[in-house]
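In our numbering, the protein residues as written are 1226 to 1426.
Note that beta-carbon positions come from the ideal geometry of N, C-alpha and C, so glycine has one too.
A short worksheet on the structure shown next.
Listed below in structure tokens is the structure:
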């Protein structure tokens, strides 16, 4: 969500009156969880009417083209707003591994000196398990042990979100293929949306 908000704010024309009000449709713990991708997308648009819909799918071993086809097949019978696919080459966590300062701050130890052994920027989208790398980096950065470490490990999902919140600039990722594709799609759709709004006035 935070990378989307950053990209929207960065891409919006300086003279635009575009209002960014984003929502994340997460039905994993919903009483009646939607079945399948098509039903989840339809439910999301019903619950959160929007001008631009972002559909996130980690590739998880499938090609980006395959994931895009999955999304196209799931949405072909639905009436939807502009749609942008977000398909990291591995997992979205890969896009968080470049900011060591954010990881240390999220771990509650911003001045720590333990080596985090993060991959280089150019390797981020080639790492087989970026989630594990990020979890390990957070644990090492915390420099906690014993019971405190066990509690820290239970909080890892929230801490990953905190890393994303703390990153102020995702522009270093523009050299990565999957991120560049996402950002290019967003730029195109946002320009079309702003042009459409101007024509309606």
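The three-state secondary structure of residue 1398, taken from DSSP, is helix. With contacts defined as CB atoms closer than 8 Å, residue 1414 and residue 1255 fail to qualify as a contacting pair. Scanning the region 1315-1354 from its first residue to its last, no whole beta strand (DSSP E) run of 3-plus residues comes out.
Judged by beta-carbon spacing, residue 1403 lies beyond the 8 Å limit of residue 1366, meaning their Cβ atoms are not closer than that value. A residue is called buried when at least 16 other Cβ atoms come within 10 angstroms of its Cβ; residue 1317 meets this threshold and is buried. In this structure, residue 1283 sits near residue 1313, with a CB-CB distance shorter than 8 Å. It is roughly 6 Å from the alpha-carbon of residue 1387 to the alpha-carbon of residue 1331.
At the C-beta level, residue 1309 and residue 1411 come within 8 Å of one another.
Setting aside the 5 residues that flank it on each side, residue 1231 is surrounded in the same chain by 1395, each with a C-beta closer than 6 Å to its C-beta; the list follows chain order.
Per DSSP, reduced to three states, the secondary structure at residue 1249 is coil, with no helix or strand assignment. Secondary-structure assignment with DSSP links residue 1417 through no beta bridge to anything.
By the C-beta criterion, the region 1264-1277 is judged to be in contact with the region 1297-1307, since at least 3 inter-stretch pairs fall below 8 Å. When the beta-carbon positions are compared, residue 1389 and residue 1228 come within less than 8 Å of each other. Taking 8 Å as the cut-off, the beta carbon of residue 1364 is found closer than this to the beta carbon of residue 1378.
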